[in-house]
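Since the structure comes first, as structure tokens, the remarks are kept for the end.
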Amino acid sequence: MDKHTTDRGAVKGAEPDTAEPVVGRDAELARLFRAVDPVTADPALLLVGDPGTGKSALLEHVARRAEVRGARVLRAEGSESESSLAFSALHQLLRPVLAEVEALPERQRGAMQDAFGEGTATSAPGPMLVAVAVLSLLSGLADQNPVLVVLDDAQWLDRASLDALSFAARRLAGEPVTMLIGTRGGDRFPGFDRHVPVLTLEPLDDAAADQLLDLQPKSPTGHTRSRILDQAGGNPLALVELTRTAAAQDTAAGAPSAGPLPLTEHLERIFASRLDDLPASTTRALLLLAAMDSADSALADPARLPRAEDAAWLPAERAGLVRRTGRDVRFRHPLVRSAVYHAASLGAQREAHLALAEMLRDEPDRRAWHLAAACPRPDAAVSAELERTAGRARRRGGHAAAAQALQRAAELAPRREDSARLLVEAAAAAVFTGDIAWVEELVAAARRRTDDAALLARAAVQAGRLAVLTVRHSVVFSRLADAAEELAASQPAAGLDLVAGAAVVRFYSGEDSQRLRVQGILRRLPANTSYAGLPTWVRTVSDPFDDRAQLVSLLPRLAAEAEGRPERLTAVGIMAWLLDETPRAVRAFDEAFDRWGLRGALPEGLGGAVAWAYVERGRWEQAREACARTTAVGRVAGLDHAVACAAAVDATVLAFLGDVSSARSRAEDALTLIDPLESRSVAVYAHRALGAAAAAEGDYETAYGQLRTVFTADGAPVHYHASYPALADLAAAAVRCGRREEAVAVVERSADALADNASPRLRALISRARGLLADPRNAEPHFRAALADPVLEYWPFERAQTLLDLAEWLRRRRRVAEARGPLTEALETFRRLGARPWIERARVESRAAGLDVTDTAPDAVAELSPQQRQIVRLAARGLTNREIGERLFLSPRTVGSHLYRSFPKLGITARSQLRDLIEGPLATAARRK
């Protein structure tokens, strides 16, 4: 890979003039100091301001103060020319600590090396694994000293680096690590848009502006001073540079007039005006410096670019354009670089880029971009170079960089058909950034360049691939369905891909009219498609209870065809889950993720299907791991709907575990991220979680109210798949708050609607609901029916709930001896799962039945928070803190802190004791699975 390096002795890009005083920013400095103070530290702070407002000077001031106080300061500076190079900013940031990368766990170390192009991988490193490696590295460095990460001109940082750093920033709360990010206002800033405090630099007030002018070597007076104050508008850089210009010309009248120009353009004009009297050698050196980036400068041939001590730089330094410190040369501000570059003729710019490309023959990615910058017209050879650059970026996991390179390659491709092909490939890469607007822009550009039906079909599929993951379900469904209908005859494979996406949107929205349209399109598609699994996918996702038995019969063949293909295995698992074939779903997911690991750049699965399957199977820790993975990937890609899906599943598990406050918080998070009329699936899941949380506290009136909302006023399911599993819990709440009659109507309507297409699981839930709602004299057959099928053991929590209901009924019918068996089994299951509210309820009932209920080690574990329980169990298996962090997307320090707080609760003092404490329950769980 191109080395993103910056030698201390090299000529460099723009640097803040730290000699300039910081005036009028006392409040801002105090806020920044608080952000990095170990006692009040923020995980991240965004410093936003227009060019020239002093962001760089403030960041430098804070960084120097932190270094004096013993902090490790890591810096990276954005560069326009490096923004298209994947992980370039991350390499720049971590270059001083690359030795520490070697101490990371093997998978994390390998992912980091692959990202930097120094590994041996032929496929892209997992983006989440790179992010976890960054988190582990920063957390590990903080074990020695506080760490300050300073990102300046962050609007130009490459997307892959930003994704990894924003992931880490969200997980550094409570650790002595702070990120200060300086960026221009008005720019969208992926990953740091939400939940990150923002400090905005406003213009200096009149008093501060006057003070800054007073500090200048030749402080202006009279009319000149008034005009400078008026033109600068409180911008510190403008105040300094207008004063410098006025002093050089002995009058402000000769200074470039502001006129109607924005201040940024006015400042560039000021800097450009200083080029006129410079020697040719100085002008050429400045243009080369402007055309290269900081990493290029470390690699450039000194014979082409003057060394820092060369006299060619002296006139530029006197003109206030560059600053020399030892062997370093930097522009005094990014606007100077921009002014120098744009003041040059197109021919001079082209010559500079060609010269740099010649210097960088061993750095193919940077060379390709310099060649592209030198192209005045389409050029097939340069286009091909950029296409190769995109391939290398993809292999490093830099999807945004790949898309940028392909987009520029398309602009330079002489043939329209090649340009269209490259744009479609760019869209395919951009899908993984989560930027739907960019994907649609690329697809629209491809459509303007070709009428090739196959290529246009590919373009539509790429746009649809990401669109299904957004929250705009109504709009996206119409777009996908329209495109599928249009392509059904001429491009049936693409039409099937599109209707498969439309089926996913139908699942999210739960809108029944969409089911009819999906089925209509599917009937018009020819049967001889390349993959028979797609029609089955469409049928299953859009209506799993329409001829369920026939759909279930297709799963074994589809699973066999998916062998060795993780994406297809995941699809088979999702279909199995939708059909309530949860054991088969879990097997498919286990195999897929054993092979796939954390590599997905987009959330896998359908609306949390993976996590839901693990919940149903009683593997709640894995369910929460799947939620953490989906949340992390979704947040990086900016896909709120995926984050909401994960939050709803996580809320449900937390409610089962008894962490009611966290459950409510997660459920509310899910509801705030979606429109309940656009995403009925997530809304239903969230209300089910809120109902479970209320039931865990014994608040059955609230529980019933929440669960009743997942059915319409006349008792129909709000969502054709997500609502039905709530039937038994609805009945349990109803009988405890006097809503029996209403609940009976809902249960019976659902039973009639499902009829023979109900799965064994749903038949058991309906039987349990009937048992709860029936006259006590008639309840037993329903409870027995709910427990009759041996396959129901694969839903351990639901089965244990039914066992407890049966035992309670038996004891109240004075059949105490018969109640003890179901009670014992239910309590054992609740203990194994860590379902604290249910453990307590089963204990009370057991004591009433005369059972001797003693506290055991699993109950001690159950007293931990859900996250502590996850960490303790993984530590008991021998995983290190870093390996646990990799699984749960936490820093090693956070893992260690949870373990430290858990030991007293467990009555142990050493990690070595965990295995003996946990081994018994784990072994029991393994046998049951």
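With our numbering applied, the sequence shown has no gaps in its numbers, which climb one by one up to 916 at the end.
Ideal Cβ positions, reconstructed from N, Cα and C, are used throughout, including at glycine.
A quick note: this is a predicted structure, and the numbers were derived from the prediction, not measured.
Mapping DSSP to helix, strand and coil, what is Asp13?
-> DSSP places Asp13 in helix when its eight states are reduced to three.
Reduced DSSP secondary structure (H/G/I, E/B, other) of Ala240 = Residue confidence is low: Ala240 scores 39 on pLDDT, short of 50, so the model does not pin down where it sits. Its coordinate-derived value is still stated next. Helix at Ala240.
Between the beta-carbon of Pro783 and the beta-carbon of Leu820, is there less than 8 Å?
-> Remark: C-beta atoms of Pro783 and Leu820 approach each other more closely than 8 Å.
Quick one: what does DSSP say Ala331 is sitting in, helix, strand or coil?
-> Note: Ala331 maps to coil in three-state DSSP.
Would you kindly work out how many angstroms separate the C-alpha atoms of Val573 and Leu373, rounded to a whole number?
-> Computed Cα separation, rounded: 42 Å.
Three-pair Cβ contact test at 8 Å for the stretch 66 to 78 versus the stretch 139 to 157 = Using a Cβ-Cβ distance cut-off of 8 Å, the stretch 66 to 78 and the stretch 139 to 157 are in contact, since at least three pairs of beta carbons, one from each stretch, lie closer than that value.
Can you tell me the Cβ-Cβ gap for Ala407 and Thr376, rounded? I've got them flagged as a contact below 8 Å.
-> No, Ala407 and Thr376 are not in contact; Cβ-Cβ is about 19 Å, not under 8 Å.
Among Phe770, Ala90, Glu93 and Arg799, which has the Cα closest to the Cα of Arg786?
-> Residue Phe770 is the option with its Cα nearest to Arg786.
So what's Asp139 in DSSP terms, helix, strand or just coil?
-> DSSP places Asp139 in strand when its eight states are reduced to three.
Beta-carbon separation (whole angstroms), Leu159 vs Leu125, contact threshold 8 Å = Right, the Cβ-Cβ distance comes to about 7 Å (below 8 Å), so this counts as a contact.
Length of the line joining the Cα atoms of Trp425 and Gly702 | Cα to Cα, Trp425 sits roughly 43 Å from Gly702.
Can you tell me the Cβ-Cβ gap for Ala615 and Phe890, rounded? I've got them flagged as a contact below 8 Å.
-> Between Ala615 and Phe890, the beta carbon gap of about 23 Å keeps them out of contact (Cβ cut-off 8 Å).
For the alpha helix (DSSP H) that contains Arg798, what are its first and last residues?
-> First-last of the alpha helix (DSSP H) with Arg798: Pro783 to Arg799.
Inter-residue Cα distance where the pair is Arg604 and Thr816 = Taking the straight line from one Cα to the other gives about 12 Å.
Leaving out five residues on either side along the sequence, give the residues of the same chain with a beta carbon under 6 Å from the beta carbon of Gly246.
-> Note that Gly246 has pLDDT 40, beneath the 50 cutoff, so the model's placement of it is unreliable and the number below is only indicative. For Gly246, same chain residues with a beta-carbon under 6 Å away, outside a window of 5 residues either side, do not exist.
Which residues in the same chain have their Cβ closer than 7 Å to the Cβ of Ala22, if we skip the five residues on either side of it in sequence?
-> The answer, listed in chain order, is Ala28, Asp29, Leu32, Thr165 and Leu167.
What are the complete alpha helix (DSSP H) segments, minimum 4 residues, inside the stretch 192 to 241?
-> Taking only runs of at least 4 residues, the alpha helix (DSSP H) segments lying wholly in the stretch 192 to 241 are 193 to 201, 209 to 219 and 223 to 236.
Would you grab the beta carbon distance between Arg314 and Ala295 for me? Rounded to a whole angstrom, and I think it's under 8 Å.
-> Arg314 to Ala295, Cβ: 4 Å. Contact.
CB-CB under 6 Å to Val430, same chain, minus the five flanking residues each way: which ones, in chain order?
-> Ala414, Ala446 and Ala450.
Which stretch, first to last residue, makes up the alpha helix (DSSP H) that contains Ile508?
-> Per DSSP, Ile508 belongs to the alpha helix (DSSP H) from Asp499 to Arg511.
Using the DSSP secondary-structure output, state which residues sit across from Leu33 in a beta bridge.
-> Answer is Ile168 and Val185, bridged to Leu33.
Give the DSSP bridge partners of Glu934, in chain order.
-> Nothing about residue 934 can be read from this structure; the chain reaches only from -12 to 916.
Going by beta carbon distance, what residues of the same chain come within less than 8 Å of Ala14, once the five residues before and after it are set aside?
-> For Ala14, there are no CB contacts under 8 Å within the same chain when 5 residues up- and downstream are skipped.
Round the Cβ separation of His706 and Val671 to the nearest angstrom and send it over; I've been treating them as touching at under 8 Å.
-> His706 to Val671, Cβ: 5 Å. Contact.
Go ahead and pull the three-state DSSP assignment for Thr557.
-> Helix.
Distance, Cα to Cα, Ala683 vs Gln501?
-> In a straight line, the C-alpha of Ala683 is about 36 Å away from that of Gln501.
What is the DSSP secondary structure of Arg802, reduced to helix, strand or coil?
-> Three-state DSSP puts Arg802 in coil, outside helix and strand.
Mark Ser540 as exposed unless 16 or more other C-beta atoms lie within 10 angstroms of its C-beta, in which case mark it buried.
-> Looking at its Cβ environment, which holds fewer than 16 other Cβ atoms inside 10 Å, Ser540 is exposed.
Compute the beta-carbon to beta-carbon distance between Val647 and Arg611, rounded to the nearest angstrom, for a pair I have assumed lies under 8 Å.
-> Actually they do not touch by this definition, with Cβ atoms about 16 Å apart.
Paired residues, beta bridge with Pro704 - DSSP | Answer by DSSP bridge pairing, in chain order: Phe698.
What are the partner residues of Thr312, as DSSP defines its beta bridges?
-> Paired residue(s): Asp315.
Could you check if His340 is buried or exposed, using at least 16 other CB atoms within 10 Å of its CB as the buried criterion?
-> By the neighbour-count rule (16 or more Cβ atoms within 10 Å), His340 is buried.
Across which residues does DSSP place Arg924 in a beta bridge pair?
-> With the chain running from -12 to 916 in the structure shown, residue 924 is simply not present.
Using only alpha-carbon positions, find the residue among Arg324, Ala719, Arg305 and Thr208 that is nearest to Thr251.
-> Ranking Arg324, Ala719, Arg305 and Thr208 by Cα distance to Thr251 puts Arg324 first.
Taking just the CA atoms, how far does Ala720 sit from Pro177?
-> If you take the alpha carbons of Pro177 and Ala720, they lie about 43 Å apart.
In the DSSP assignment, find the unbroken alpha helix (DSSP H) run with Pro522 in it and report its ends.
-> Element bounds for Pro522: Gly520 to Ser529.
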